[in-house]
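Q: Okay, so the sequence shown: first residue is 1 according to the working numbering, each after it adds one. Next up is a structure, given as structure tokens.
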Amino acid sequence: MAFFIKIYKDNPNLTEINKVIDVLKKGGLVIYPTDTVY
């Protein structure tokens, strides 16, 4: 299952961050954009 989570650096939402942590703990993959191409 894929989903999109937007986290703002100026006002991060702890609930959204915890969702990302759960994905990583379960061996999932997280992709995030940087100032270069991904």
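The beta carbon of each residue, even a glycine, is placed where N, CA and C say it ideally should be. Predicted model, so just to flag it, every value in this text is computed and none were measured.
What's the gap between the Cα of Val30 and the Cα of Phe4?
A: Their Cα atoms are separated by approximately 10 Å.
Q: Can you name, in chain order, every residue of its own chain whose Cβ lies under 7 Å from the Cβ of Val23, other than the five neighbours on each side?
A: Cβ within range, chain order: Val30.
Q: Taking Asp22 as part of the alpha helix (DSSP H), name the residues at either end of that continuous run.
A: First-last of the alpha helix (DSSP H) with Asp22: 14 to 25.
Q: Below 8 Å between beta carbons: does that hold for Ile17 and Ile7?
A: Contact flag set, yes.
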